[in-house]
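Working notes, structure below.
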Amino acid sequence: MLIGKLLPCQTSLNDYGNGMAPNEYGENNFSDDDFLDDLPPDALTELENNAITFTQKANFKPSPSSDYGDDFDDEDLDDTVVVDEARSAPAVVPPAHRKNPNPVVQREQFRQQRYGDSGIANRTRNDAAVELAGQPDHLLQTIPLPREDSSVSRQQSQSVADGDAEALRKLVQELQEKNKALEQEALMKNGEISILRGKMEKSDKEHERTQAAKEKLHAEQLAKIQKEREAAEIAARRAATERDFTKQDLFEESRVRRLNAQATKDAPNTPSKKKPPMPFRDGFDDDEIEVLSPSKVSPSKFRGRSGTPSRAAKRKRKVQDSPSAGALDMIHIEEPRLESLVPKASIIDETILEKLVLQDDRSDFITAMLQHRPQLTEPRTMEAFSKFFLPTGSGESFSSRILGELPRIGSKKPVSEVPAEFCLYIIQLWSKCLEDEYYTPIYLILDLLQFALELKTTAIAPLIIDQLVPIAQKTADLVAIPRFNRESPSPFDKDINVSSCLALMHLAALGSIPENHDITRFWKQMRWDFVLLMLSPNQNVADFEWMIRILSTGILKDSFGGILPENAVMTPATNVGHIIDRLTYPLFEVPCLPKSTVKVDADVVGKLRLQIILLLTNMTRSAYAGNALAVHPSAIGRIVSLISDELDTLYDYRSGREDSARLISHSTRLLFHLITTHEHEIDIQKKLAVIRGGSQKYLLCLSRLHFLEEEGVLEAGIDQDVPGYALELLEMVVTPEEGEEIMGVLGGG
Numbered sequence: 005m006l007i008g009k010l011l012p013c014q015t016s017l018n019d020y021g022n023g024m025a026p027n028e029y030g031e032n033n034f035s036d037d038d039f040l041d042d043l044p045p046d047a048l049t050e051l052e053n054n055a056i057t058f059t060q061k062a063n064f065k066p067s068p069s070s071d072y073g074d075d076f077d078d079e080d081l082d083d084t085v086v087v088d089e090a091r092s093a094p095a096v097v098p099p100a101h102r103k104n105p106n107p108v109v110q111r112e113q114f115r116q117q118r119y120g121d122s123g124i125a126n127r128t129r130n131d132a133a134v135e136l137a138g139q140p141d142h143l144l145q146t147i148p149l150p151r152e153d154s155s156v157s158r159q160q161s162q163s164v165a166d167g168d169a170e171a172l173r174k175l176v177q178e179l180q181e182k183n184k185a186l187e188q189e190a191l192m193k194n195g196e197i198s199i200l201r202g203k204m205e206k207s208d209k210e211h212e213r214t215q216a217a218k219e220k221l222h223a224e225q226l227a228k229i230q231k232e233r234e235a236a237e238i239a240a241r242r243a244a245t246e247r248d249f250t251k252q253d254l255f256e257e258s259r260v261r262r263l264n265a266q267a268t269k270d271a272p273n274t275p276s277k278k279k280p281p282m283p284f285r286d287g288f289d290d291d292e293i294e295v296l297s298p299s300k301v302s303p304s305k306f307r308g309r310s311g312t313p314s315r316a317a318k319r320k321r322k323v324q325d326s327p328s329a330g331a332l333d334m335i336h337i338e339e340p341r342l343e344s345l346v347p348k349a350s351i352i353d354e355t356i357l358e359k360l361v362l363q364d365d366r367s368d369f370i371t372a373m374l375q376h377r378p379q380l381t382e383p384r385t386m387e388a389f390s391k392f393f394l395p396t397g398s399g400e401s402f403s404s405r406i407l408g409e410l411p412r413i414g415s416k417k418p419v420s421e422v423p424a425e426f427c428l429y430i431i432q433l434w435s436k437c438l439e440d441e442y443y444t445p446i447y448l449i450l451d452l453l454q455f456a457l458e459l460k461t462t463a464i465a466p467l468i469i470d471q472l473v474p475i476a477q478k479t480a481d482l483v484a485i486p487r488f489n490r491e492s493p494s495p496f497d498k499d500i501n502v503s504s505c506l507a508l509m510h511l512a513a514l515g516s517i518p519e520n521h522d523i524t525r526f527w528k529q530m531r532w533d534f535v536l537l538m539l540s541p542n543q544n545v546a547d548f549e550w551m552i553r554i555l556s557t558g559i560l561k562d563s564f565g566g567i568l569p570e571n572a573v574m575t576p577a578t579n580v581g582h583i584i585d586r587l588t589y590p591l592f593e594v595p596c597l598p599k600s601t602v603k604v605d606a607d608v609v610g611k612l613r614l615q616i617i618l619l620l621t622n623m624t625r626s627a628y629a630g631n632a633l634a635v636h637p638s639a640i641g642r643i644v645s646l647i648s649d650e651l652d653t654l655y656d657y658r659s660g661r662e663d664s665a666r667l668i669s670h671s672t673r674l675l676f677h678l679i680t681t682h683e684h685e686i687d688i689q690k691k692l693a694v695i696r697g698g699s700q701k702y703l704l705c706l707s708r709l710h711f712l713e714e715e716g717v718l719e720a721g722i723d724q725d726v727p728g729y730a731l732e733l734l735e736m737v738v739t740p741e742e743g744e745e746i747m748g749v750l751g752g753g
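Okay, here's the thing in structure tokens:
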């Protein structure tokens, strides 16, 4: 009966939960008093309680569990407690009369049935308030309120948990700070250890090199002493032998003297009488030969003729009467005296001998000049000169002029100046050719002068530099200036070779080096604009290299690359700066061929760069030139760029790897010397800013040099002291922490 009566009411409640809502005046659709009157007094209350219970059981879904257990708030705790209480022991409300039910309670119940799960949290929180609102006041005291105690306990537990969490967070934060500080300290210690290890390794290597040098020096000194001792022993034995021979010679000489003295005492004072020579050397006396027959001689003469002695007379003949008595006389040969055995002092004066030698040397020089050939397959120079005539001359050939001048050369000069006098006459012919614009024989003149300077460099060069240097520059200008302006040097380049002019000046500079005043005169004759002209990238690489060789002789105490006159348009420091700028340009740029956009071959550029680095290294030996190189705005940056590029070339394993290794070694030493010697005058960051990525290239190339493999194949040509120089330069620009990072990247951790 009860179920049958409840079905319509349940259906109505389900319809309300499926979409029926109160009207706009806050009233619901259950306003049929007849329907409510038919229900028992407690049916509606029981139905509501059962509906609430069924709704909670059907729609409740447990909240997902959390792995952390601390991501819920106070509202979740309240909901959980209410649901558990509803399941375990729902509150039993005494039945009450509901003739006039509270509209607020009904609306709340209908809202719970309509929104289902979405209202669970709010429903459970306001459940007690809704039920108490529909009960009489006297029933409020009978409903137990256990939630207040549980809420207080939860709040206390939550406050304790919050305090513990805050303390834990502070503790974790303190531990993290301590850990970070310890890591920072450990990193600093590792950096210091790395620096100390590097210095120790460097010190060990330096000690090993020093020890090896000392051992080598000791071995050389020992070998030298051994050789000197052996030479002294040989000399002593030789002296003893000579002494014995001298004693024997003196003994023999004294014995000969005694014998000669005794023989002189015993010999007669007057020489023996000799017979006059016989006219007929036939062994007979002349009177024994009868001219006529005996029958024709008178008897008186015949009787007076001495005939053949008788036998008795023969026996009594004395020795003195013998015809050969004079021939048997002893001839006493006078022994030479001791004074005659001693060689007489040379009566030839040394000055006379020197004149004879110089005279012979002059003949050799003139002979060499007359027999000179430009090439083995070409005719002699004098023969070729016979075909050249000055346009404004008297019609006499060059060879006739030279041969006619030879007798006069040296007639009023010392014999030692004959080669220089010959060269001055050739330079005079050269000057006349330039005046007449007759350039065809110039190549023969240059070759002949170069040959003469090669034979007598120091004897000729100081005497001809005042005439040679200006005319050589003037001749080279005819070809070099058009090349500088990117114009064609034709037709001058057909007969004029700029490299020959520069080679001739280089020989003259070498011959002037022994005397300071001679080399000073040479560089006073050298024009500053000619130096810059020949260092232009528009010139041939060969001419650039010859100018580098000439500049190597111009590193003087107070100047470099020329001595400017007093009325010059620039200061010496400015001139040196321009020269260094032109010199260092090929270190970071590859020049092009003259009048072309084709780059010069890599091998040629490598050799050119090596010559430039060697010249810059020689400049550091002079305080003036070294300081000019250090303060130059772009020189150091270009050297760093060169090291970086050559390292890339080295590891690309291309041709010319040996030149790259030598370049790296010489450039690193030069860079180390400039930075350490002029440390207070150089702003390294400013120097590196002139090239693209200068700071990065500087750190990278020094790091790569420091961490070179000792037994690497590609690094075999780099000297052993280069990594040490790189380490010292690195320590000047990086901190210990940055050093550790670099070691981790390049040093394998």
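Everything in the sequence shown is counted per this note's numbering, starting at 5 for the first residue and increasing by one. Each residue gets a CB set at the ideal place from its N, CA and C atoms; glycine is no exception.
- Only exposed fits F249, as fewer than 16 other CB atoms lie within 10 angstroms of its CB.
- If the five residues before and after A265 are omitted, its C-beta is found closer than 8 Å to no C-beta atom of its own chain.
- Boundaries of the alpha helix (DSSP H) around T479: 461-488.
- Taking the C-beta atoms as reference points, I464 is found nearer than 7 Å to C427.
- In the pairwise beta carbon analysis, the region 562-576 is classified as not touching the region 507-517: fewer than three pairs are separated by under 8 Å.
- In terms of Cα proximity to I643, the closest of F676, Y655, F402 is F676.
- Membership of N622 in the alpha helix (DSSP H) is indicated by the continuous run 606-623.
- Residue state for K561 is assigned as coil, using DSSP reduced to three classes.
- Taken in chain order, the whole alpha helix (DSSP H) runs of length 4 or more contained in the region 370-396 are 385-389.
- Bridge pairing for S401: F393 [DSSP].
- If you look at H710, you'll find it in the alpha helix (DSSP H) that goes 698-710.
- Membership of I640 in the alpha helix (DSSP H) is indicated by the continuous run 639-656.
- Using a Cβ-Cβ distance cut-off of 8 Å, the region 410-424 and the region 438-452 are not in contact, since fewer than three pairs of beta carbons, one from each stretch, lie closer than that value.
- With 16 or more other Cβ atoms from the protein chains shown falling within 10 Å of its own Cβ, L450 counts as buried.
- When DSSP states are grouped into helix, strand and coil, K599 belongs to the coil group.
- Annotated as proximal: N542 and F488, with beta-carbon spacing under 7 Å.
- In the three-state scheme derived from DSSP, where H, G and I count as helix and E and B as strand, Y442 is classed as coil.
- The three-state secondary structure of P590, taken from DSSP, is helix.
- If you draw a straight line from the Cα of A169 to the Cα of A190, it is about 31 Å long.
- Relative to the Cα of R531, the nearest Cα in the group K209, S638, P576 belongs to P576.
- Taking the C-beta atoms as reference points, V580 is found no nearer than 7 Å to A627.
- Taking each of H636, R625, K599 in turn and checking the Cα distance to Y589, the smallest one comes out for H636.
- Per the C-alpha coordinates, the member of S163, L704, V545 positioned closest to S645 is L704.
- Residue environment for E387: exposed (fewer than 16 other C-beta atoms within 10 angstroms of its C-beta).
- Here E650 is actually not in contact with G721; their C-beta atoms are around 11 Å apart, not less than 8 Å.
- Per DSSP, reduced to three states, the secondary structure at S415 is coil, with no helix or strand assignment.
- Below 8 Å, enough C-beta pairs join the region 543-561 and the region 615-624 to call them touching: three or more.
- Secondary structure note for R553: its alpha helix (DSSP H) is the uninterrupted segment 545-555.
- The C-beta of G408 has fewer than 16 other C-beta atoms within 10 Å across all chains shown, which makes the residue exposed.
- When the Cα atoms are used, N544 and E744 turn out to be separated by approximately 48 Å.
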